[in-house]
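Undergrad: There's a structure below that I have some questions on.
In our numbering, the protein residues as written are 75 to 679.
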């Protein structure tokens, strides 16, 4: 069967978004999108109402019949209906999990990685060595009421004592699930297989126990996929069954419903694999910020559950400190006034900035939320701890910890931003500056934003299992991602190192597609923007003394780079980047950088 039309929805906590993808002239394109408020809460308490409202909007805009009463018409019949319908969901608080491992920094961390990769929020990590007494752990489990628990511990064939003790603590807590008290809490056991029988004896009766492969069969290797798949299955069977209206929704879909972040992660992972590149993706929401990365073919996801732009905006201020937010504001503002403005946003989380000043402040806070989330991500996306590396004699004297971050900004090829503050910034220049300032890319990095946040729907599309559909669906996901989803902002060129003010840090010689040659000399502390559309540009890049643009200190590079809706941004502020602590100098620098990329053309200081 050839896929001609695909309907996909994403049921978010506030909005349900529907997109219709069709094959037009031999290529898959987004044809229309619609949205409606999500209807999980009272008075409706039925998620399908919101889905039908969003699909109705798509139906009107597309000018063709997709609904038959209260049913989505699949398969397609001539011009009516669609070939398949798929959905993702984060409504009802998404998927909330607790994980447990014997050693917090080893199996505990592997279990956390498996749960985050599957798209869940990890409420707590229990471990034999986490310093809490058994009764404290029992109280904690009862308080949190997670949707499910992932239990791991021990390598295959190793000791079983500690992981069985953890199971006994779970049994003593006799936990009840968050939604629906008439069923047993799902527990996944992914630890030492020699302990399986003991675990079944301990937990088999009082929980809904599932056994899967060990997530750390040997110290040197993680095996996360079986646990991730099992989490998805149980999410469908248990959590989704309990949420209002989901039983009906599941009967409509042609593929399992995925948690929204899990679907976005699947898409980022697929893009990195197809293009053979390193990617960082970020989704900054009202309450949380998710960061996804693929480095050295390893996928990681982190959720900063307290860093967001509306409900959690005061947390951003508390975590970063007022001084760090102020350093991005290019005008004088009283600290009290700034705190009040941020407090107002928390009280009325759905408001949007009404003045240019408010917008600048909101974007300053976004920079800090992104910066802090990325620090957390770097600390989590690491090589495996506990692995013996081959050491040379000199290494033996400085016992460095294994577990170095996989995140290498010089290796990063593509950065994708999404979420309201990035996708819907009034000017794309603002999105580019926010990404550059908060992530500080190094060397040569392509920047993009998601146009209307359709990454979740494309992610679930790329993961369709049905054999006769899988290939078409993957192709459709990638085509739409590249042509309709991504807005290519351009490329950031940032030499690494520091220099004296006024010293040349980069000479860029660019050959444009029409044959014109431009030469730019970038001085330390400057930003230069070159407006060129998304097309290949031959570049010869020569770093200044002691600077590195990707080939090593003082080494030139000849390569092809791409413009975009913002163009090419040459960032000569050095890495690591410093911002002056003197208010006058800071305001002068920020204004200069803003003007260089035409970020706030109306802002008069």
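We put the CB at the ideal spot given by N, CA and C, even for glycine.
Quick one: Cα of residue 661 to Cα of residue 403, how far?
TA: Going from the Cα of residue 661 to the Cα of residue 403 covers about 7 Å.
Undergrad: How would you write the range of the alpha helix (DSSP H) that residue 205 sits in, first residue to last?
TA: Here residue 205 belongs to no alpha helix (DSSP H), and DSSP marks it neither H nor E.
Undergrad: Find out if the Cβ-Cβ distance for the pair residue 278, residue 227 is shorter than 8 Å.
TA: No, the Cβ-Cβ distance between residue 278 and residue 227 is not below 8 Å.
Undergrad: May I ask which residues mark the beginning and end of the alpha helix (DSSP H) holding residue 259?
TA: Premise fails: residue 259 is in no alpha helix (DSSP H) and is neither H nor E.
Undergrad: Rounded to a whole number of angstroms, what is the C-alpha to C-alpha distance between residue 304 and residue 223?
TA: The straight-line gap from Cα to Cα measures roughly 12 Å.
Undergrad: Going by DSSP, name the residue or residues bridged to residue 145.
TA: DSSP, once it has assigned bridges, lists 142 as partnering residue 145.
Undergrad: Measure the beta-carbon distance from residue 219 to residue 249 and round it to whole angstroms, keeping in mind my assumption that it falls under 8 Å.
TA: About 7 Å separates the two Cβ atoms, so the contact holds.
Undergrad: Please identify the residue among 292, 645, 246 whose C-alpha is closest to the C-alpha of residue 276.
TA: Residue 276 has its Cα closest to that of 246, out of 292, 645, 246.
Undergrad: With DSSP as the reference, label residue 154 as helix, strand or coil.
TA: Three-state result, residue 154: strand.
Undergrad: In terms of alpha-carbon separation, which member of 76, 100, 103, 125 lies closest to residue 86?
TA: With distances taken between Cα atoms, residue 86 lies closest to 125.
Undergrad: Reducing DSSP to helix, strand and coil, say where residue 466 ends up.
TA: Confidence in residue 466 is poor, its pLDDT being 46 and thus under 50, which makes the residue's placement unreliable; the coordinate value appears in the next sentence. Coil, per DSSP.
Undergrad: Please determine, among 356, 148, 369, 434, the residue with the shortest C-alpha to C-alpha distance to residue 448.
TA: Ranking the options by Cα distance to residue 448, first place goes to 356.
Undergrad: At what residues does the beta strand (DSSP E) containing residue 489 begin and finish?
TA: First-last of the beta strand (DSSP E) with residue 489: 488-492.
Undergrad: Considering only the beta carbon of each residue, do residue 621 and residue 627 sit closer than 8 Å?
TA: Cβ atoms of residue 621 and residue 627: closer than 8 Å.
Undergrad: Would a C-beta distance cut-off of 8 Å place residue 108 and residue 121 closer than the cut-off?
TA: The answer is no: Cβ separation not under 8 Å.
Undergrad: Mind listing, in chain order, the continuous alpha helix (DSSP H) runs of no fewer than 4 residues lying wholly within the stretch 532-579?
TA: Within the stretch 532-579, the complete alpha helix (DSSP H) runs of at least 4 residues are 541-554.
Undergrad: Roughly how many whole angstroms lie between the Cα atoms of residue 520 and residue 144?
TA: Each residue's Cα considered, the two are about 44 Å apart.
Undergrad: Measure the beta-carbon distance from residue 441 to residue 512 and round it to whole angstroms, keeping in mind my assumption that it falls under 8 Å.
TA: 5 Å between Cβ atoms; contact.
Undergrad: Measuring straight from C-alpha to C-alpha, what distance separates residue 474 and residue 654?
TA: Per-residue confidence for residue 474 stands at a pLDDT of 42, beneath the threshold of 50, marking its modelled position as unreliable; the derived number appears in the next sentence. Going by the C-alpha atoms only, they are around 34 Å apart.
Undergrad: So which of 193, 173, 221 has the shortest CA-CA distance to residue 201?
TA: Looking at the Cα atoms, 173 is the closest of the given residues.
Undergrad: In whole angstroms, what separates the C-alpha of residue 573 from that of residue 597?
TA: Between residue 573 and residue 597, the C-alpha separation is close to 9 Å.
Undergrad: Across the stretch 293-313 and the stretch 92-106, are there enough close Cβ pairs to call them in contact, namely three or more that are closer than 8 Å?
TA: Judged by Cβ distances under 8 Å, the stretch 293-313 makes no contact with the stretch 92-106, as fewer than three pairs qualify.
Undergrad: Enumerate in chain order the residues of its own chain whose CB-to-CB distance from residue 210 is below 8 Å, with the five nearest sequence positions on each side excluded.
TA: Same-chain partners within the cutoff: there are none.
Undergrad: Taking the alpha carbon of residue 645 as the point to measure from, which residue in 673, 676, 600, 657 has its own alpha carbon closest?
TA: The shortest C-alpha separation from residue 645 is found at 600.
Undergrad: Should the stretch 491-505 be regarded as contacting the stretch 517-536, the criterion being three or more beta carbon pairs within less than 8 Å?
TA: Yes: the two stretches touch, three or more of their Cβ pairs being nearer than 8 Å.
Undergrad: What do you get for residue 135, buried or exposed, if any count of 16 or more other CB atoms within 10 angstroms of its CB means buried?
TA: Exposed, since its Cβ has fewer than 16 Cβ neighbours within 10 Å.
Undergrad: Which of the three DSSP states, helix, strand or coil, is assigned to residue 76?
TA: The answer is coil: DSSP assigns residue 76 none of H, G, I, E or B.
Undergrad: Short check: CB of residue 532 to CB of residue 664, under 8 Å?
TA: No.
Undergrad: Are residue 443 and residue 363 closer than 8 Å when you measure CB to CB?
TA: Their beta carbons are under 8 Å apart, which means residue 443 touches residue 363 by this criterion.
Undergrad: Report back the beta-carbon spacing between residue 518 and residue 565 to the nearest angstrom; my notes put them in contact at under 8 Å.
TA: Right, the Cβ-Cβ distance comes to about 6 Å (below 8 Å), so this counts as a contact.
Undergrad: Using the beta-carbon count (16 or more within 10 Å), is residue 492 buried or exposed?
TA: So residue 492 ends up on the buried side.
Undergrad: Would you identify the three-state DSSP class for residue 643, choosing helix, strand or coil?
TA: Residue state, collapsed to three classes: strand.
Undergrad: Using a 10 Å radius around the Cβ and a threshold of 16 neighbouring Cβ atoms, would you call residue 397 buried or exposed?
TA: Exposed, since its Cβ has fewer than 16 Cβ neighbours within 10 Å.
Undergrad: Just to check my reading of the structure: residue 116 and residue 90 have Cβ atoms closer than 8 Å, yes? What is that Cβ distance to the nearest angstrom?
TA: Contact doesn't hold; Cβ gap of about 17 Å is too wide.
Undergrad: Kindly list the residues whose CB is nearer than 7 Å to the CB of residue 394, restricted to its own chain and excluding five residues on each side of it in sequence; keep chain order.
TA: Same-chain partners within the cutoff: 442, 446.
Undergrad: Out of 75, 280, 294, 231, which has the shortest C-alpha to C-alpha gap to residue 269?
TA: Closest option to residue 269, Cα to Cα, is 231.
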